[in-house]
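Okay, structure first, notes after.
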Amino acid sequence: MVAAPASGHGKTTVATGLMAALAHAGHTVSGHKVGPDYIDPGYHALATARPGRNLDPHLVGEERLVPLLLHGAAGADLAVIEGVMGLYDGQIGGDGFASTAHVAAVTRTPVVLVVDISSASRTIAATIHGLMTWSQPPVDVVGVILNKAGSARHADEVVRSIGDRLPVLGILQRDDGIEAPSRHLGLVPAAEREDAAAALDRLAAQIAEKVDLEAVVRLASAAEDLHERAWDPHEALGFDTLASLAAQPASHSLAAQPASHSPSVEQGALAPVSKPGDGSRIAVAGGRAFTFRYAETVELLRAAGAEIVDLDPLTDARLPEGTTGLYLGGGFPEMHAAELGANERLRRDIRTSIARGLPTVAECAGLLYLCESVRGPDGPAVPMVGAIDAVAEMAPRLTLSYRIATAATDNLLARAHEEITGHEFHRTHLTRAATGDPAWRLPHDEGVATPSLHASYLHTHWAGHPQLARRFVEAARKHQGPDLRHHGDKEATKGLVDLAVNVFDGPRPTWLDRALRESVEAADAYPDATEAERAVATRHGRDAADVLATAGAAEAFTLIARLRDWRHPVVVHPQFTEPEVALRTAGHTPGQVLLSHQDGFRLKAEDVPDDADLVIIGNPTNPTGVRHKADTIRSLTRPHRLVVVDEAFLDDDVETLTDERIDGLVVLRSLTKIWSIPGIRAGYLLAEPRTVEELRQHQTPWSVSASAIAALIATSTEQARDEARRRAEELADRRRHLEDGLRELGIETIPSTAPYVLARTGGGSREALRGLGFAVRRADTFPGLDDEWVRISARRKVVTDELLGALRSLHPVLRKPVRIRHSGATVTPL
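Just so we're aligned, residue 706 is where the sequence shown starts under my numbering, counting upward by one.
Here is the structure:
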């Protein structure tokens, strides 16, 4: 144990230098730190090439100190522990609890003092004598290293005064020390210093020259044997540990634990035991801005079955593929605010993912990063993720304190009234507090927590509270996010009545079938969509240059996604998910404008961010059936923005924007639904000629087939327009019949203008209906909806009546009650 009379004597310099010098001499060294500090262990890790670890009885409990020491030192020859503050200084009011002496006594570790002698000479001997003889608690002080000697004569005076009371292991001159630069929270982390490795090499060389390393090794070798069992993350979580490890006897000394018993000397940790089909993939923030986390945190997450992937918020443009959980630890986001703010794509991706329910833990720096903005020490407020409606800036003083915290409510990590230990260490504060349930009560409310988010200034050591890690991984395991590639045809399997696919279930007109059959005869030539584009232009009173034939709306979304390097694309949800898939496939990170159930899922122009350069919306929207005003969509257009409106279900042309040319507006149409031709990918888009030509340049030659061209021509005639209106009226009658029947059952619906209805039938209803032979479209794959909702296609009345009968029979057995509304009140059916 490297200790000192007080802070500022050079503990970190000497302890880190000893670790590096001993490692350079061929020893395998593990580095440890008394207390909650994150920065010093970063230097220890650099010196030892192993994770730096903490020993703090407040955070983990006194009983875990020796097990954690043995765990971190597995496979090492020597463990060097850096103390905290003065030797006997601990938690205020705790009579030395969590002091260096307390940890040294519990772990039976001999102590080497580091004493700054720059301002005294013979008094140093008295100071050392007092530290050696004070017995609260008793510790074994075995040597001293004198630091910052002014001259050889000065050092000799101190050595003579000490006499034979204590071995002097080394003398460092005042000009010998190498100190890391500091700022408002102490030392600058090693990960932020490009010169850290070189500086450490110089320090190691000086320590090796000025300190008797052989004597240090002898003193360490004389440490009392430790008979406790090493901490194991699997056992801590309540899992069975590896059989081979369980068979090992308790360790008697550090050297008695051979490296072969540690799966990775480099990691100094046990290998993960993944659970079958676990599926949790947790992104852990690192890099220069997020340097604070305890090594055991990741080990516990791995032991719980999670796959850990690295994330650098300064450089990565999006969350790693397949992320189901996010851990944002501590660090200095305020020092890197400009760079973090400039990484707009990642900020947007994280904000969108959290809005979708991505399980997220954010401690201190993570909390700041999730706020709307952060103001650094010397600069303006910089936008951050914006997942939490709070702002942060520098505080007038440092907050540094041990805490005992209580959970206010059940949330992602904790359960109501659960008590944990932690510490605060920050020089920022929230100038506008986050709304929602607090993460902790200290007793003041602190942070914000939900079933999928836990953000707080409080740092916790999960080795002391392993249930937090287990709950986090369990939530990440369950979270898959909306399946954006799920479509209704996946529901309508053989043998089920299909109310999931939005395709008109009547026969096609004979003139359309004839055109399709004749198109096969033209299959011996490459298709040319010129005639089809002229026909569509005539049908809408537009110029042919305004039209681009496409292989359905799906190709149109792909072309738009590839059109430009979109800076801030947004998709209005809940809606058809194909545009977001297209954007993500093209390498973009789209934002989401989530429309509110309380507002009837209706769009307001102010919902769309001012800086969005691409906006995609459905009208009427799939799956809500809500039709937005044409004027509202027009108002979204502006210079340097493209607005794309998908009118796939606007068959009655009410509120359509197809018949006018508007700068910055693209309208998509598909023939799939109303004409019952999903197997023939046929559609088109309408825009100003310049945009059409740019999109055409991205289109694969001959992507629109001869059959699709024939369908476009055939459905653009006046005869086809009359038939489309007739079908639209029939679908409207079917929808009204469905809505009336659902309303009689007391099932909440969203007023629709499309050939389908979004209904809140309750959790489990979709699976129950499948058991009765009916397929409806699940809604939880649409961002902004959950499994209480289903989308039901408007079918013939006899089919709808059969469905309503099935729903009536299911009411008593649904896993969640169907919500019934009468006169504004919500009741549960008997």
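Yeah, the Cβ is synthetic: ideal placement off N, Cα and C, and Gly gets one too. Bear in mind the structure is a predicted one, so any value in this text is a computation, not a measurement.
Beta-carbon proximity of residue i to residue j, cut-off 7 Å
| i | j | result |
| --- | --- | --- |
| L1031 | R1175 | no |
| V771 | L905 | no |
| D1351 | L1319 | no |
| Q796 | Y1074 | no |
| I1497 | L1189 | no |
| G1494 | A1484 | Inspection of the sequence shows that residue 1494 is occupied by Trp rather than by Gly. Contact flag set, yes. |
| A1310 | S1340 | yes |
| V1331 | R1307 | yes |
| G736 | V785 | yes |
| T1326 | L1463 | no |
| L1024 | G992 | no |
| M837 | V847 | no |
| T721 | A781 | no |
| I1322 | V1277 | yes |
| A1144 | S1161 | yes |
| L1103 | R1132 | yes |
| Q878 | A854 | yes |
| A1317 | H1345 | no |
| V1014 | H1159 | no |
Proximal residues to residue i (C-beta, below 6 Å), its chain only, five neighbours per side dropped
| i | result |
| --- | --- |
| H1191 | T1486 |
| Y793 | G801, S804 and A806 |
| S712 | M790 |
| L1515 | A1473 |
| D1312 | V1298 |
| E1077 | G1091 and V1096 |
| A709 | K716 and V819 |
7 Å Cβ cutoff, residue i in contact with chain B
| i | result |
| --- | --- |
| P1456 | Reference to chain B is not applicable here, since this structure consists of a single protein chain. |
Residue i: first and last residue of the uninterrupted beta strand (DSSP E) it sits in
| i | result |
| --- | --- |
| E1044 | No beta strand (DSSP E) contains E1044, which is instead part of the alpha helix (DSSP H) from A1042 to A1047. |
| W1271 | No beta strand (DSSP E) contains W1271, which DSSP labels as neither H nor E. |
| R1239 | No beta strand (DSSP E) contains R1239, which is instead part of the alpha helix (DSSP H) from T1235 to H1245. |
| H714 | Element bounds for H714: n/a, residue is neither H nor E. |
| S1161 | L1158 to S1161 |
| K853 | V846 to A854 |
| T1405 | Per DSSP, T1405 belongs to no beta strand (DSSP E) and is neither H nor E. |
Expected contact under 8 Å - CB spacing of residue i and residue j to nearest Å
| i | j | result |
| --- | --- | --- |
| A988 | A779 | Not really, about 27 Å apart at Cβ, beyond 8 Å. |
| V1079 | A1047 | So it is not a contact: roughly 13 Å between Cβ atoms. |
| L1045 | M1089 | 7 Å |
| G1257 | S1375 | 6 Å |
| H1134 | C1069 | Going by Cβ atoms, the distance from H1134 to C1069 rounds to 12 Å, so no, they are not a contact pair. |
| F1209 | S1381 | 5 Å |
| A849 | L871 | Reading off the sequence shown, one finds Val at residue 849, where the question assumed Ala. Indeed they touch by this definition, with Cβ atoms about 5 Å apart. |
| P815 | M706 | 7 Å |
| G1446 | L1509 | 4 Å |
Continuous alpha helix (DSSP H) stretch holding residue i: start and end
| i | result |
| --- | --- |
| E1004 | A1000 to A1008 |
| P1101 | Looking at the DSSP string, P1101 is not in any alpha helix (DSSP H); the run it does join, the beta strand (DSSP E), is V1096 to T1111. |
| W1216 | T1215 to E1226 |
| A931 | Position check: residue 931 holds Leu in this sequence, whereas Ala was assumed. Premise fails: L931 is in no alpha helix (DSSP H) and is neither H nor E. |
| A1480 | Careful: A1480 lies outside any alpha helix (DSSP H), inside the beta strand (DSSP E) at F1479 to R1483. |
| G1476 | S1470 to G1476 |
| I867 | A857 to I867 |
| F1177 | P1171 to K1183 |
Close beta carbons around residue i, own chain, < 7 Å, minus the five adjacent residues each side
| i | result |
| --- | --- |
| R1465 | I1452, E1453, E1493, W1494 and R1524 |
| R1408 | Note that residue 1408 is Ser in the sequence shown, not Arg. So the qualifying residues of the chain are A1256 and E1260. |
| K1334 | E1360 |
| A1511 | L1474, L1477 and F1479 |
| D1194 | V1206 |
| H714 | V819, V820, D821 and N852 |
Contacts around residue i, its chain only, beta-carbon distance under 8 Å, and the 5 residues preceding and following it disregarded
| i | result |
| --- | --- |
| T1243 | S1421 |
| G875 | I850, L851, I912, K915, V916 and D917 |
| T830 | One detail in the question is off: residue 830 reads as Ala in this sequence, not Thr. These residues qualify, in order along the chain: V863, S866, I867, G868 and R870. |
| A1220 | A1415, A1416, I1418 and A1419 |
| A692 | The requested residue 692 does not occur in the structure, where the chain is confined to residues 706 to 1535. |
message: When you compare the segment 1295-1303 with the segment 1233-1253, are there three or more beta-carbon pairs, one atom per stretch, that lie closer than 8 Å?
response: They do not touch, by the three-pair rule.
- request: Indicate whether the contact test is met: 3 or more Cβ pairs, each with one atom in the segment 1255-1269 and one in the segment 1342-1357, closer than 8 Å.
  value: As far as the Cβ criterion goes, the segment 1255-1269 touches the segment 1342-1357, which means the pair count is three or higher.
message: Using a Cβ distance threshold of 8 Å, determine whether the segment 1418-1427 contacts the segment 1393-1400, with at least three qualifying pairs required.
response: Too few Cβ pairs lie closer than 8 Å, so no.
field: Stretch-stretch touch, CB-based, cutoff 8 Å, three pairs: the segment 1134-1143 with the segment 1177-1188
entry: Not touching, per the Cβ criterion.
query: Counting pairs of beta carbons, one from the segment 748-768 and one from the segment 715-731, are three or more of them closer than 8 Å?
result: Here the segment 748-768 makes contact with the segment 715-731; the two share three or more CB pairs at distances below 8 Å.
query: Hey, is the segment 1084-1100 in contact with the segment 1113-1124, meaning 3+ C-beta pairs nearer than 8 Å?
result: Contact between the segment 1084-1100 and the segment 1113-1124 is absent, because fewer than three Cβ pairs lie under 8 Å.
task: Report yes or no: do the segment 1269-1285 and the segment 1401-1417 share at least 3 C-beta pairs separated by less than 8 Å?
output: Here the segment 1269-1285 makes no contact with the segment 1401-1417; the two share fewer than three CB pairs at distances below 8 Å.
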